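Novice: Numbering (the working numbering), first residue to last: 37 to 255. The beta carbon of each residue, even a glycine, is placed where N, CA and C say it ideally should be. In this text the structure is predicted, and so the values were computed from the model without any measurement.
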Amino acid sequence: MIYRNWLKRSIDIILAFLMFAILLPIFLILFITLSIHHRGSPFFSQSRPGKDNVPFQILKFKTMSDLVNESGDLLADSERITSFGKLIRKTSLDEIPQLINVLKGDMSLVGPRPLLNDYLQLYSAKQARRHEVRPGVTGWAQVNGRNAISWDSKFRFDVWYVDNLSFFLDLRILFQTLGNVLLGKGVTQQGHVSMGRFEGRKKNSFQQKGAVEKMYFKQ
37 MIYRNWLKRS IDIILAFLMF AILLPIFLIL FITLSIHHRG SPFFSQSRPG
87 KDNVPFQILK FKTMSDLVNE SGDLLADSER ITSFGKLIRK TSLDEIPQLI
137 NVLKGDMSLV GPRPLLNDYL QLYSAKQARR HEVRPGVTGW AQVNGRNAIS
187 WDSKFRFDVW YVDNLSFFLD LRILFQTLGN VLLGKGVTQQ GHVSMGRFEG
237 RKKNSFQQKG AVEKMYFKQ
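Pasting the structure below:
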């Protein structure tokens, strides 16, 4: 409880500051390049639910254009993502601005990824427990498949993390994230640019057989 309630936040601030300082040259290069490429702001900002469902503005580097159809609606992600956007997504460089979210206290370095506000009303009571902690730049679901796994699996990983949060688990996730980023693993879900939309809880999604904890640590 000491780590969860006190030390985790202190470590987040220290590590996020150091990481931002190290990545500052890359941040500036992307800032300038994307500002020119998109002829405007290089950032994507969107309201997401944080700890206890409190909304915040998540920051990312922009990877998609603002192209719309004849009705003025945005085109599909697959039609708007740019070649350069695909590259920075593959390397996860689009996530660098979220270090600012961590420093502000909106996010943690490790935790369930912040999803869309629209999903809040679709969660089961168990799935909603992912909001008992700050959302993370990376998380247990990210190092166990990221966008390549199903929504049911993602939520099971998220809730398991909430119940088992610890310093050593966070450390393991950070090191695995580094490895996954270098290998470009799990960036997309089959048939989608990133991950398909969550449509709601499937019946018995949390009633699968077997001990979840044992499955998670057989890696």
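Can you tell me whether DSSP reads Thr-174 as helix, strand or coil?
Specialist: strand
Novice: DSSP three-state label for Phe-234, please.
Specialist: coil
Novice: Can you have a look at Gly-108 and say buried or exposed, based on whether 16 or more other CB atoms are within 10 angstroms of its CB?
Specialist: exposed
Novice: Use the C-beta contact count for Ala-177: other C-beta atoms within 10 angstroms, 16 or more gives buried, fewer gives exposed.
Specialist: buried
Novice: Cutting at 6 Å between CB atoms, please list the residues of its own chain near Phe-92, excluding the five before and the five after it.
Specialist: Gly-86 and Asp-142
Novice: Using a threshold of 8 Å, state whether the C-beta atoms of Ile-209 and Val-179 are closer than that.
Specialist: yes
Novice: Since I believe Ile-124 is in contact with Met-100 (beta carbons under 8 Å), could you give me their beta-carbon distance rounded to a whole number of angstroms?
Specialist: 11 Å between Cβ atoms; not a contact.
Novice: Would you call the stretch 119-134 and the stretch 43-51 in contact, with 3 or more CB pairs under 8 Å?
Specialist: no
Novice: Sorted by chain position, which residues of the same chain lie with C-beta nearer than 6 Å to Leu-54's C-beta, five sequence neighbours on each side aside?
Specialist: none
Novice: In the DSSP assignment, what are the bridge partners of Lys-96?
Specialist: Phe-80
Novice: In angstroms with no decimal places, state the Cα-to-Cα distance between Gly-37 and Ile-72.
Specialist: Position check: residue 37 holds Met in this sequence, whereas Gly was assumed. Rounded to the nearest angstrom, the two C-alpha atoms are 46 Å apart.
Novice: To which residues does DSSP link Pro-91 through a beta bridge?
Specialist: Pro-85
Novice: Residues in the same chain with beta-carbon distance under 7 Å from Gly-121, minus the five sequence neighbours each way, listed in chain order, please.
Specialist: Thr-99 and Met-100
Novice: Given a threshold of 16 other Cβ atoms within 10 Å of its Cβ, counted over all protein chains shown, does Ser-128 qualify as buried or as exposed?
Specialist: buried
Novice: If you run the structure through DSSP and keep just helix, strand and coil, what is Val-104?
Specialist: strand
Novice: Would you identify the three-state DSSP class for Ser-128, choosing helix, strand or coil?
Specialist: coil
Novice: Taking 7 Å as the limit between beta carbons, can you name the residues of its chain near Phe-67, skipping five residues before and five after?
Specialist: Pro-78
Novice: Just checking my contact of Leu-145 with Gly-172 at CB under 8 Å: how many whole Å lie between their CB atoms?
Specialist: Sure, about 6 Å apart at Cβ, within 8 Å.
Novice: Check whether the stretch 184-201 touches the stretch 153-169, counting contact only when three or more Cβ pairs, one atom from each stretch, lie closer than 8 Å.
Specialist: yes
Novice: Below 7 Å, is the gap between the Cβ of Leu-60 and the nearest heavy atom of the ligand MN?
Specialist: With respect to the ligand MN, the structure shown offers nothing to examine, as it has no ligands at all.
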